[in-house]
Amino acid sequence: MAQATARHILVDSEAKCEELKKAIEGGQDFAEVAKQHSSCPSGRNGGDLGSFGPGQMVPEFDQAVFNSELNTVIGPVKTQFGYHLLEVTSRN
């Protein structure tokens with residue numbers, strides 16, 4: 001079965017998500033931005049979600065993780081939890 005490792009940043013607005021994406025694309029460290037801004041408990045670990053397979057996350061998140069380029073910041077991805085920036089660090 002396919003597995004992915006990813007990290008994410010969860011915020012409550014699309015505008016904040018876009019602002020953080022620009023900061024990361026401008027050179028800020030993804031993990032540091034996650035620690036400072038993510039409302040998910042994973043933010044304490046730089047947004048690291050560990051390893052997971054298809055169907056273990058909400059559908060919108062799954063779709064993004066298993067259909068995006070590796071090591072690229074993608075988003076905003078809207079889910080029932082808010083707006084996410086995602087970075088898939090590996091997939092097999």
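Letter by letter, the sequence shown follows residues 1 to 92 in full-length UniProt numbering.
A virtual CB, placed ideally from N, CA and C, is assigned to each residue, including glycine.
If we call anything under 7 Å between Cβ atoms a contact, is residue i one with residue j?
i: residue 95; j: G27; result: The first residue shown for the chain is 1 and the last is 92, placing residue 95 beyond what the model contains.
i: A4; j: V65; result: yes
i: I9; j: A34; result: yes
i: E25; j: P76; result: no
i: L86; j: A23; result: no
Could you tell me which of the options sits nearest to residue i, measuring between CA atoms?
i: N71; options: S51, F61 and S90; result: S90
i: G82; options: V88, N67, N92 and F61; result: F61
key: Any 3 or more C-beta pairs closer than 8 Å across the stretch 16 to 23 and the stretch 55 to 70   = Contact between the stretch 16 to 23 and the stretch 55 to 70 is absent, because fewer than three Cβ pairs lie under 8 Å.
task = Could you tell me which uninterrupted alpha helix (DSSP H) segments, each at least 4 residues in length, are contained entirely in the UniProt domain "PpiC" (1 to 90), listed from first to last along the chain?
result = Listed in chain order, they are 14 to 25, 30 to 37 and 59 to 65.
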